[in-house]
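Okay, so here's the structure we're looking at.
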Amino acid sequence: MLIKIMEPMVIALKLFESDSSILSSVYSHFKNLIDQINQIECDFSNKLQELIIRRWEYAYHPIMIISYMLDPQFLEKSKNNGIEADGYTEFTTFASEKFDHEESVELFAELVNFRNKKSSYNNEIIWKSINFLNNPSIWWQSWPNSKLQ
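Sequential numbering from 20 applies to the sequence shown in the numbering used here.
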């Protein structure tokens with residue numbers, strides 16, 4: 020049982036502390052870790068859950084959920100795991116702090132088009148190429164006119 024608890028924690032912490040980790044992967048692994056820890060039933064599970072959540076709250080930055088939503092590898096998963104509303108809220112808050120109102124609105128519309136594969140993001144070949152590129156930074160170069168870069 021200890022291995023079942025420790026393994027996902029070690030993976031998430033290594034990702035978080037690495038210089039080469041992608042924020043969307045860190046977000047994904049921490050969310051998976053929290054889900055896995057919530058399923059464990061033992062004498063100390065409540066304390067363990069509390070420690071993991073406290074660490075997450077300390078480390079979390081809104082750009083993590085935004086990068087998760089913009090990572091093509093996690094697009095479908097992020098639509099199905101209930102984070103879309105939180106992500107949109109974080110995105111609009113972040114954008115309004117960094118950009119003027121008009122540009123924030125344009126960026127949000129661009130995000131919605133991206134997530135729905137509409138407008139300039141309607142290219143099946145580019146979407147399928149993520150399975151071969153395995154790097155969202157390289158993949159995003161396929162959209163040179165995107166305002167989301």
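A virtual CB, placed ideally from N, CA and C, is assigned to each residue, including glycine.
Inset, instruction - Return the CA-CA distance between residue 166 and residue 112, expressed in angstroms with no decimal places. - result: Sequence index remark: in the sequence shown, residue 166 carries index 147 (1-based). Sequence index remark: in the sequence shown, residue 112 carries index 93 (1-based). Taking C-alpha positions only, residue 166 is separated from residue 112 by approximately 17 Å.
Inset, instruction - Classify residue 92 as buried or exposed, calling it buried when 16 or more other Cβ atoms lie within 10 Å of its own Cβ. - result: The sequence position of residue 92 within the sequence shown is 73, counting from 1. Residue 92 is buried by the Cβ-count criterion.
Inset, instruction - Indicate whether residue 139 and residue 150 have their beta-carbon atoms separated by less than 9 Å. - result: As a first step, residue 139 must be located in the sequence shown, where it is residue number 120. As a first step, residue 150 must be located in the sequence shown, where it is residue number 131. Taking 9 Å as the cut-off, the beta carbon of residue 139 is found no closer than this to the beta carbon of residue 150.
Inset, instruction - Could you check what DSSP says for residue 80 in three-state terms: helix, strand or coil? - result: Taking the first residue of the sequence shown as 1, we reach residue 80 at position 61. In the structure shown, residue 80 sits in coil (DSSP, three-state: anything other than H, G, I, E or B).
Legend entry - Nearest-angstrom Cβ-Cβ length linking residue 81 and residue 109, presumed shorter than 8 Å: Taking the first residue of the sequence shown as 1, we reach residue 81 at position 62. Taking the first residue of the sequence shown as 1, we reach residue 109 at position 90. At roughly 4 Å, the Cβ-Cβ gap stays under 8 Å, so residue 81 and residue 109 are in contact.
Legend entry - For residue 162, the first and last residue of its enclosing alpha helix (DSSP H): Walking along the sequence shown from the start, residue 162 turns up at place 143. Under the DSSP assignment, residue 162 falls outside any alpha helix (DSSP H); it carries neither an H nor an E label.
Inset, instruction - Kindly indicate which residue of 100, 87, 84 and 161 has the alpha-carbon position closest to the one of residue 142. - result: On the sequence shown, position 123 is the one that residue 142 refers to. Nearest of 100, 87, 84 and 161 to residue 142, Cα basis: 161.
Inset, instruction - Tell me whether residue 45 is buried or exposed, calling it buried when 16 or more other Cβ atoms sit within 10 Å of its Cβ. - result: For this step, residue 45 is matched to residue 26 along the sequence shown. By the neighbour-count criterion, in which 16 or more other beta carbons inside 10 Å mark a residue as buried, residue 45 falls on the buried side.
Inset, instruction - Would you mind sorting residue 88 into buried or exposed? The rule is 16 or more other CB atoms within 10 Å of its CB. - result: To locate residue 88, count along the sequence shown from 1; it is residue 69. Result: buried.
Inset, instruction - Tell me, please, whether the segment 90–105 touches the segment 68–81 by the rule of three or more beta-carbon pairs shorter than 8 Å. - result: Contact between the segment 90–105 and the segment 68–81 is absent, with fewer than three C-beta pairs closer than 8 Å.
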